[in-house]
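Enquirer: In this note's numbering, the protein residues as written are 2 to 241.
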């Protein structure tokens with residue numbers, strides 16, 4: 002009986018050792034599992050925080066892009082308004098310069114015709130004088146009677162008493178005509194230069210405006226594309 006008791010005790014001790022080993026093993030595996038789960042949970046928390054930060058950054062970037070796009074649209078609208086105003090002023094200046102040049106040319110034509118006729122009249126008068134013809138002089142009694150016997154006061158400020166209207170002494174002030182024509186030519190040239198300079202300025206303004214608008218459209222399209230990508234990224238982060 003003693004041997005049986007010893008054998009039974011040994012068997013029970015062996016069984017206890019096996020059970021203890023099994024429990025230790027299971028406890029070890031459970032701890033490893035807990036550590037892994039804790040690490041995984043911590044990782045998930047970190048990813049969530051990173052996702053939140055990414056979403057916040059995307060929202061901020063989208064707001065900035067929206068502001069930039071609005072600023073670009075405002076700048077384009079202001080540039081268009083200024084271009085229209087500048088174009089109207091340039092067109093008015095060109096029109097005025099053209100009209101001014103035409104008016105000067107018309108005045109030159111009238112004056113040229115006047116002096117040419119005055120010159121021809123003088124020549125005719127001189128021819129008649131060579132044949133014994135006599136012409137009344139301004140301020141004489143004969144002149145007053147022929148002009149208007151009832152006239153009171155002086156109308157013709159450019160003539161003096163004793164000056165002949167036709168004849169060797171008056172030819173429409175031909176010596177003065179050269180100065181008048183020279184002055185009118187300068188004025189006409191100024192109008193022409195103004196027209197040319199304004200047209201050149203208008204062409205340059207059109208070029209600059211078109212280039213600015215092209216750059217503006219490119220910037221706007223680029224920012225809208227970036228905004229769309231960030232919006233898509235935000236939706237992706239939000240669904241995680």
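Even for Gly, the Cβ is constructed at its ideal location relative to N, Cα and C.
Treat the numbers as computed from the prediction; the structure is a model and nothing was measured.
1. Is the segment 62–80 close to the segment 219–232, with three or more CB pairs under 8 Å?
2. So is residue 78 buried or exposed if we call it buried at 16+ other beta carbons inside 10 Å?
3. Rounded to the nearest angstrom, how far is the Cβ of residue 291 from that of residue 94, given a contact under 8 Å?
4. How big is the Cα-Cα spacing for residue 51 and residue 225?
5. Determine whether the beta carbon atoms of residue 105 and residue 183 lie at a separation below 7 Å.
6. Taking the CB atoms as reference points, tell me whether residue 109 and residue 185 lie closer together than 7 Å.
7. Skipping 5 residues on each side, what residues in its chain have a beta carbon closer than 6 Å to that of residue 203?
8. Kindly indicate which residue of 60, 114, 39 and 217 has the alpha-carbon position closest to the one of residue 228.
9. Which residue from 101, 42, 63 and 206 puts its Cα closest to that of residue 187?
10. Tell whether a beta-carbon distance below 7 Å holds between residue 63 and residue 230.
11. In angstroms with no decimal places, state the Cα-to-Cα distance between residue 235 and residue 56.
12. Which term fits residue 237, buried or exposed, when burial requires 16 or more other beta carbons within 10 angstroms of its beta carbon?
13. In whole angstroms, give me the CA-to-CA distance for residue 65 and residue 212.
14. Could you tell me the alpha carbon to alpha carbon distance between residue 49 and residue 217, rounded to whole angstroms?
15. I'd like to check one pair, residue 210 with residue 84: are the Cβ atoms closer than 7 Å?
16. Quick one: residues in its chain with C-beta nearer than 7 Å to the C-beta of residue 193, no 5 flanking neighbours on either side, listed in chain order?
Expert: Let me spell this out:
1. Counting C-beta pairs closer than 8 Å gives three or more between the segment 62–80 and the segment 219–232, which meets the contact rule.
2. Against the chain shown, residue 78 aligns to sequence position 77. Counting Cβ neighbours within 10 Å, residue 78 comes out exposed, since fewer than 16 surround it.
3. With the chain covering only 2 through 241, there is no way to say anything about residue 291.
4. Along the chain shown, one-based indexing puts residue 51 at 50. Along the chain shown, one-based indexing puts residue 225 at 224. Residue 51 and residue 225 have their C-alpha atoms spaced approximately 25 Å apart.
5. Here the question's residue 105 lines up with position 104 in the chain shown. Here the question's residue 183 lines up with position 182 in the chain shown. For residue 105 and residue 183, no; Cβs fall outside 7 Å.
6. On the chain shown, residue 109 is found 108 positions in, with the first residue counted as 1. On the chain shown, residue 185 is found 184 positions in, with the first residue counted as 1. Cβ distance < 7 Å, so residue 109 and residue 185 count as in contact.
7. Mapped onto the chain shown, residue 203 falls at position 202. Answer for residue 203: 91, listed in chain order.
8. The residue labelled residue 228 in the question sits at position 227 within the chain shown. Ranking 60, 114, 39 and 217 by Cα distance to residue 228 puts 60 first.
9. Taking the first residue of the chain shown as 1, we reach residue 187 at position 186. When C-alpha distances from residue 187 are compared across 101, 42, 63 and 206, the shortest belongs to 101.
10. Here residue 63 refers to the residue found at position 62 of the chain shown. Here residue 230 refers to the residue found at position 229 of the chain shown. No, Cβ-Cβ distance for residue 63 and residue 230 is not below 7 Å.
11. Residue 235 sits at position 234 when you count from the first residue of the chain shown. Residue 56 sits at position 55 when you count from the first residue of the chain shown. If you draw a straight line from the Cα of residue 235 to the Cα of residue 56, it comes to about 6 Å.
12. As a working mapping, residue 237 is identified with position 236 in the chain shown. Answer is exposed; the Cβ neighbour count stays below 16.
13. Position 64 of the chain shown, counting from 1, holds the residue named residue 65. Position 211 of the chain shown, counting from 1, holds the residue named residue 212. So the alpha carbons of these two residues sit roughly 25 Å apart.
14. As a position in the chain shown, residue 49 is number 48, starting the count at 1. As a position in the chain shown, residue 217 is number 216, starting the count at 1. Looking at the two C-alpha atoms, the distance is approximately 39 Å.
15. For the purposes of this step, residue 84 is identified with residue 83 of the chain shown, where counting begins at 1. For the purposes of this step, residue 210 is identified with residue 209 of the chain shown, where counting begins at 1. For residue 84 and residue 210, yes; Cβs fall inside 7 Å.
16. Taking the first residue of the chain shown as 1, we reach residue 193 at position 192. Excluding residues within five positions, the ones whose Cβ falls inside 7 Å are 102.
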